[in-house]
Each structure stands twice: as C-alpha cells, then as structure tokens.
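Since the structure comes first, as structure tokens, the remarks are kept for the end.
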Amino acid sequence: QVDNRHARLDRRPAEVGGRPVSVYQNGYWLGLNVPLQRESGLPRYSLSQPMLSRDQIRDIVSDAGRMPARRRFAGATWIKNQGSRGSCQGYASAKALERARVLAGHAHVPLSGEYLYARCNGGQDMGSTLAAGMREIQGHGVAPESMVKWQTYLWNQMPADARSAAPRFRADECYAVDTPDELASGLALGFVGVVAVHVGGSYSRLDSAGVRGASSGVGNHAVGVCDVRIVGESYQFDEFGSWGLGNGQGGYAWLDWGRTLQSTVRNHEFYLIRVAKADPQGDNPPEVKA
Numbered sequence: 018q019v020d021n022r023h024a025r026l027d028r029r030p031a032e033v034g035g036r037p038v039s040v041y042q043n044g045y046w047l048g049l050n051v052p053l054q055r056e057s058g059l060p061r062y063s064l065s066q067p068m069l070s071r072d073q074i075r076d077i078v079s080d081a082g083r084m085p086a087r088r089r090f091a092g093a094t095w096i097k098n099q100g101s102r103g104s105c106q107g108y109a110s111a112k113a114l115e116r117a118r119v120l121a122g123h124a125h126v127p128l129s130g131e132y133l134y135a136r137c138n139g140g141q142d143m144g145s146t147l148a149a150g151m152r153e154i155q156g157h158g159v160a161p162e163s164m165v166k167w168q169t170y171l172w173n174q175m176p177a178d179a180r181s182a183a184p185r186f187r188a189d190e191c192y193a194v195d196t197p198d199e200l201a202s203g204l205a206l207g208f209v210g211v212v213a214v215h216v217g218g219s220y221s222r223l224d225s226a227g228v229r230g231a232s233s234g235v236g237n238h239a240v241g242v243c244d245v246r247i248v249g250e251s252y253q254f255d256e257f258g259s260w261g262l263g264n265g266q267g268g269y270a271w272l273d274w275g276r277t278l279q280s281t282v283r284n285h286e287f288y289l290i291r292v293a294k295a296d297p298q299g300d301n302p303p304e305v306k307a
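Numbers 18 to 307, taken from the numbering used here, label the letters of the sequence shown in order.
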C-alpha cells in the first residue's frame with residue numbers, strides 16, 4: 018500500500034497574504050497551491066540539456082514538415098475537463114506525461130488527472146503543488162484514466178487495479194526550468210512542460226493571435242505547455258489546459274513569458290519531461306543503439 022502522508026508537507030492553506038484564494042474564479046476551477054518556499058528538487062535544464070539559439074529554435078518550429086503539437090494532440094481525446102475539483106495540477110502533470118510517452122514512441126494511454134491529484138492533495142480537495150506532481154510522476158506514476166472515476170479525489174477512492182497499474186506509467190527524466198530560453202529550447206526539442214499561471218481578470222481573454230491576456234500573480238492554476246513560437250523577439254508557449262475544448266482555441270492558447278509566466282516562476286519550479294519510462298507490459302519502441 019502506498020504511503021500518501023508526505024503530500025501534506027507540500028501544501029499550504031489556500032490563502033496568500035491573509036486573503037482567501039478561491040478555487041473557483043471566472044467560471045473555472047483552479048487548485049494550484051503556492052509552496053511555502055520555492056522548491057528546487059530537479060536538475061536545471063540548462064546545466065545538462067541543449068540550449069538552442071533563437072535562430073535554431075526558429076528553424077525547428079518553422080520547418081514545413083513539422084506538425085504543431087496542438088494539431089497532433091487535438092480534440093477531446095487530449096483536452097479534458099477537471100470538473101468542479103481543484104485538480105488542475107493533477108491534470109497538467111498527467112497529461113504532460115501522456116504526451117511525452119507518445120512523443121517517445123509509446124502507445125497512447127490516457128492518464129488520470131484524478132489519480133495524480135489524489136496522490137498529492139493530502140486527503141482534501143484543497144489543491145496541490147507543481148513540485149508534488151513532479152515527484153509523483155517520477156516516483157510512483159499515474160494510473161490510466163479508464164481505471165479512475167471522473168472527479169474522485171481521495172486516495173481511498175482509487176481502485177486497487179489503478180494503484181497496481183500506476184508504476185507502469187512514469188516519467189524518467191525531468192528538468193527544472195527558470196527562464197524562457199530553457200523552456201523554448203526544451204519544447205523545440207520535443208520535451209513537454211508543466212508551468213503555473215495566475216488566472217485573473219484578463220487571463221481568459223485571447224487576442225487576435227490567440228495569446229492570453231496579461232495576468233500577473235503568485236500562480237493559482239497549473240497547465241501544460243507543448244510547443245513554442247517566436248513572435249518578434251518574444252517566445253510564446255502553447256498551453257494545454259484542463260477546462261475542456263471551449264477554453265481558448267480548442268483547449269489551447271498561447272502564453273507570453275512576460276505577460277503570464279514571469280511572475281509565477283518566482284514561486285513555482287516549472288519543469289520539462291524529456292523521457293517517459295517504457296511500460297513493462299506495453300508494446301514498446303525498439304531501443305536505439307548509440
């Protein structure tokens with residue numbers, strides 16, 4: 018039986034500066050908690066992985082033969098709705114791992130945001146942290162979506178077969194991200210990221226180019242990012258959320274670092290998933306010899 022007691026150490030009351038932070042705002046459910054202090058539990062991306070120049074990134078993402086991630090991962094198969102639970106982090110991390118597995122050549126297995134949230138929330142529907150989710154996808158894994166009932170969030174609601182299956186679906190290599198250059202380099206090379214945004218009055222408004230409105234704050238919502246583009250001198254990152262297809266452009270929207278991510282990275286350690294572990298019971302791609 019898995020010990021879930023450590024999850025409580027990652028949580029803080031749902032308040033910042035003494036003011037309550039609602040998990041329901043502007044018509045959507047949130048649920049990302051701010052850690053008591055910004056954690057740094059991963060190797061830094063730029064210290065061990067390729068840092069690309071702006072021109073190299075532009076060449077990769079503008080290649081006519083490259084399929085944009087939002088086209089590859091389009092529709093209700095990939096974009097889910099967390100419902101009325103504060104499970105955004107569970108969804109962001111589980112669905113980032115789900116995409117990373119497919120990009121690594123593994124069979125597509127939808128993974129459960131509810132399961133991961135139950136691993137991280139300390140037994141209450143009071144949100145979770147990015148750091149808790151990152152540790153879980155590496156250490157214990159995520160159960161298939163088909164094994165977990167939608168909107169359940171307690172560990173004792175997770176079926177035995179889901180608990181047994183979860184270790185088959187884990188991340189192998191994750192890297193911390195602190196800068197837009199790190200995030201852009203990793204996404205251009207096929208990594209999948211998890212970041213924090215702050216949902217305020219402007220966040221849900223997209224401009225004519227599909228870019229989220231400026232929204233600064235501590236970070237109250239977790240989303241995945243799966244692609245990058247360059248507009249002028251700025252990087253923009255393609256967000257996939259957990260509010261269904263009606264959110265943004267079929268569940269996607271572009272995030273500008275300065276407008277939506279620069280403030281939240283101060284409190285949350287963003288991360289990139291490079292490699293997903295092979296499912297020992299799956300039909301895995303052949304190993305590539307160096």
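Using N, Cα and C, we set each Cβ at its ideal position, and we do this for glycine too.
Glu250, DSSP secondary structure in three states: coil
For Asp178, which residues of its own chain have a beta-carbon under 7 Å away from its beta-carbon, when the five flanking residues on both sides are left out? Once the five neighbours on either side are set aside, the close Cβ partners of Asp178 are Met164.
Is the beta carbon of Glu256 closer than 8 Å to that of Ala148? No, they are not a contact pair.
Using a threshold of 8 Å, state whether the C-beta atoms of Ser145 and Gly107 are closer than that. Cβ atoms of Ser145 and Gly107: closer than 8 Å.
Roughly how many angstroms separate the alpha carbons of Trp46 and Gly100, rounded to a whole number? 7 Å
Evaluate Asn284 with the Cβ neighbour count: other Cβ atoms within 10 Å of its Cβ, from every protein chain shown; 16 or more gives buried, anything less gives exposed. buried
Any idea what DSSP makes of Pro381, helix, strand or coil? Lying before the first or after the last residue shown, residue 381 is absent from the chain, which here runs from 18 to 307.
Given this structure, state the Cα-to-Cα distance separating Gly241 from Gly210, to the nearest angstrom. 6 Å
On the CB-based measure, 16 or more other CB atoms within 10 Å of its CB, does Lys166 come out buried or exposed? Lys166 is exposed by the Cβ-count criterion.
Going by DSSP, what residues sit across from Leu255 in a beta bridge? According to the sequence shown, residue 255 is Asp rather than Leu. Bridge partners of Asp255: Asp244, Trp271.
Please identify the residue among Pro127, Ala121, Gly122 whose C-alpha is closest to the C-alpha of Ser110. Pro127
Residues near Leu171 by beta carbon distance below 7 Å, same chain, minus five either side: The answer, listed in chain order, is Ala135, Gly140.
Within 10 angstroms of the Cβ of Asn173, are there 16 or more other Cβ atoms? Answer buried if so, exposed if not. Sixteen is the threshold: since fewer than 16 other Cβ atoms of the shown chains lie within 10 Å of the Cβ of Asn173, the residue is exposed.
Alpha-carbon to alpha-carbon, Arg61 and Asp198: 12 Å
Please look up how many angstroms separate the CB atoms of Val78 and Val245, rounded, as I've assumed it's under 8 Å. Correct: roughly 6 Å between the Cβ atoms.
Assuming Leu114 and Ala188 make a contact with CB atoms under 8 Å, what is their CB distance in whole Å? 5 Å
On a Cα-Cα basis, can you pick out the residue from Cys191, Asn98, Ser225 that is closest to Gly44? In terms of Cα proximity to Gly44, the closest of Cys191, Asn98, Ser225 is Asn98.
So Gln73 and Gly203 are supposed to be a Cβ contact under 8 Å. How far apart are they, rounded? Not really, about 13 Å apart at Cβ, beyond 8 Å.
Taking 7 Å as the cut-off, is the CB of Trp167 close to at least one heavy atom of the ligand FMN? Absence of the ligand FMN from the depicted structure is noted, as is the absence of any ligand whatsoever, leaving it without description.
For Ala86, which of Glu190, His123, Phe254, Asp195 has the nearest alpha-carbon? Phe254
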